[in-house]
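Reading through the structure tokens given below for one structure.
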Amino acid sequence: AGNELGVRGAGEGGITGVGAAVANAVADALGDPTAIVRLPVEPQRVLGAIGGEPDRSPPPGPIGDTARDSGP
Numbered sequence: 002a003g004n005e006l007g008v009r010g011a012g013e014g015g016i017t018g019v020g021a022a023v024a025n026a027v028a029d030a031l032g033d034p035t036a037i038v039r040l041p042v043e044p045q046r047v048l049g050a051i052g053g054e055p056d057r058s059p060p061p062g063p064i065g066d067t068a069r070d071s072g073p
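FYI, in this note's numbering the residues of the sequence shown are 2 to 73.
Below, the structure written as structure tokens:
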């Protein structure tokens, strides 16, 4: 329906748990379940966790919070 092959897409449902799995693997490797508490797992966060530094990055705001107000 709607394409030559007559197939329907399933979206990217199989990838939704990958970020959490990677974060858990890193935390497990570091031996600290609280080492990585936010996604994405960025290199600076991993290096900070290795050095024992807590993640001080601000939590994400609501959707749309990143939009810049162009002003009048």
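Backbone N, C-alpha and C define an ideal beta-carbon position, used for all residues, glycine too.
Could you please give the first and the last residue of the uninterrupted alpha helix (DSSP H) stretch that includes Pro-55? No alpha helix (DSSP H) contains Pro-55, which DSSP labels as neither H nor E.
Determine the DSSP secondary structure at Gly-4, reduced to helix, strand or coil. The question names Gly, but residue 4 in the sequence shown is Asn. Coil, per DSSP.
Do Ala-21 and Ala-28 come within 8 Å of each other at the CB atom, strictly closer than that value? Between Ala-28 and Ala-21, the C-beta spacing is not below 8 Å.
Which two residues bound the contiguous alpha helix (DSSP H) that contains Asp-29? Membership of Asp-29 in the alpha helix (DSSP H) is indicated by the continuous run 19 to 31.
Distance check for Asn-4 and Ser-58, CA to CA, integer angstroms please. Between Ser-58 and Asn-4, the C-alpha separation is close to 44 Å.
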